[in-house]
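Below is one structure; the comments refer to it alone.
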Amino acid sequence: MKFFIDSADIEEIRKAKSYGIVDGVTTNPSLLAKMEKGRDETVKDILSESDWPVSIEVISTDTEGMLKEAYEIAKLRGNAVVKIPMTLEGLAATKELSSKGIRTNVTLVFSANQALLAAKAGASYVSPFVGRLDDRGEDGMQLIRDIVQIYQNYGLETEVLVASIRSEEHVLQAALAGAHVSTVPMKVLENLAKHELTDAGLEKFLEDWKNRKK
Ligand code: G3P
1 MKFFIDSADI EEIRKAKSYG IVDGVTTNPS LLAKMEKGRD ETVKDILSES
51 DWPVSIEVIS TDTEGMLKEA YEIAKLRGNA VVKIPMTLEG LAATKELSSK
101 GIRTNVTLVF SANQALLAAK AGASYVSPFV GRLDDRGEDG MQLIRDIVQI
151 YQNYGLETEV LVASIRSEEH VLQAALAGAH VSTVPMKVLE NLAKHELTDA
201 GLEKFLEDWK NRKK
């Protein structure tokens, strides 16, 4: 499974990159809005940090506006992936962009039917938001299992990019479901590597080594 860092903070992205296990970046307008430097400069920094795929979301909600922005984003750097909201207008934009070979990530997906349409439109990635479904008492991970099954049924090549991940359990369940990518906040990424028994075992090894008979 690929791991993307879900962040617009270039310092956080650089730190995640240093771990050697991150394969890409996803951003969204809320994450970019927090950045001091502003969207354009932040986006350019993130795109030039590595050749990995970086999802940048359009702001327009009409097809024509989405396409205008999408072509501008795609021109920024070859690793730009255009993030498009899962609406009928977004599907039309995704269809055109995929026919032109421009990579897309259809986002704000909350049902398997939406994911099916996104794949039909030729999306490179689909981003189902598991945490926000859990927030309203639904089973976000069941959506992932359903999408993976449907894509396998029809040999669809769109990659399932699990988003709105809030815990290591989400990552575990995404991997068990066969999702292609998990995009995770930094806290979750770092917690994936941690276990109390690892810490205790390492401490004991070092203590025993320090107290060895010389
Ligand atoms: O990439 C989508 C992700 O940033 C949304 O996460 O926690 O706001 O639902 P969250």
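Just so we're aligned, residue 1 is where the sequence shown starts under my numbering, counting upward by one.
Think of the CB as a built atom: it goes at the ideal place given N, C-alpha and C, for glycine as much as any other residue.
- The residue from Glu-69, Ala-16 and Glu-64 with its alpha-carbon nearest to that of Asp-40 is Glu-69.
- At the C-beta level, Ile-102 and Val-126 stay beyond 9 Å of one another.
- Taking C-beta atoms under 8 Å as the contact rule, Val-106 and Ala-123 qualify, at a distance of about 4 Å.
- If you check the CB distance, Phe-110 and Leu-143 come in under 9 Å.
- Pairing Asp-62 with Met-86, the inter-Cα distance amounts to about 12 Å.
- Looking at the DSSP output, Asn-105 bridges to Lys-83 and Tyr-125.
- Ranking Val-188, Glu-159, Glu-36 and Gly-201 by CA distance to the CA of Val-181 puts Glu-159 first.
- For Gly-137, the three-state secondary structure derived from DSSP is coil.
- For Arg-136, the Cβ stays outside the 8 Å cut-off from all heavy atoms of the ligand G3P.
- Within the same chain, and ignoring the five residues on either side of Tyr-71 in sequence, no residue has its Cβ closer than 7 Å to its Cβ.
- Taking each of Arg-132, Gly-137, Pro-128 and Arg-136 in turn and checking the Cα distance to Arg-145, the smallest one comes out for Pro-128.
- The beta-carbon distance between Thr-27 and Ser-55, rounded to whole angstroms, is 6 Å. This is short enough to meet the 8 Å contact definition.
- Here the region 22-38 lies against the region 5-14, with 3 or more beta-carbon pairs under 8 Å apart.
- In terms of Cβ geometry, Val-148 and Ala-175 do not form a close pair [threshold 9 Å].
- Contact check for Leu-76 against Glu-96 fails: the beta carbons are separated by 9 Å or more.
- Per the coordinates, the alpha-carbon of Gln-114 lies some 11 Å from the alpha-carbon of Gly-90.
- Checking the 8 Å criterion, the Cβ of Phe-129 is within range of a heavy atom belonging to the ligand G3P.
- DSSP places Ile-147 within a helical segment (H, G or I) once states are collapsed to three.
- Relative to the ligand G3P, the beta carbon of Ser-30 is positioned inside 8 Å of a heavy atom.
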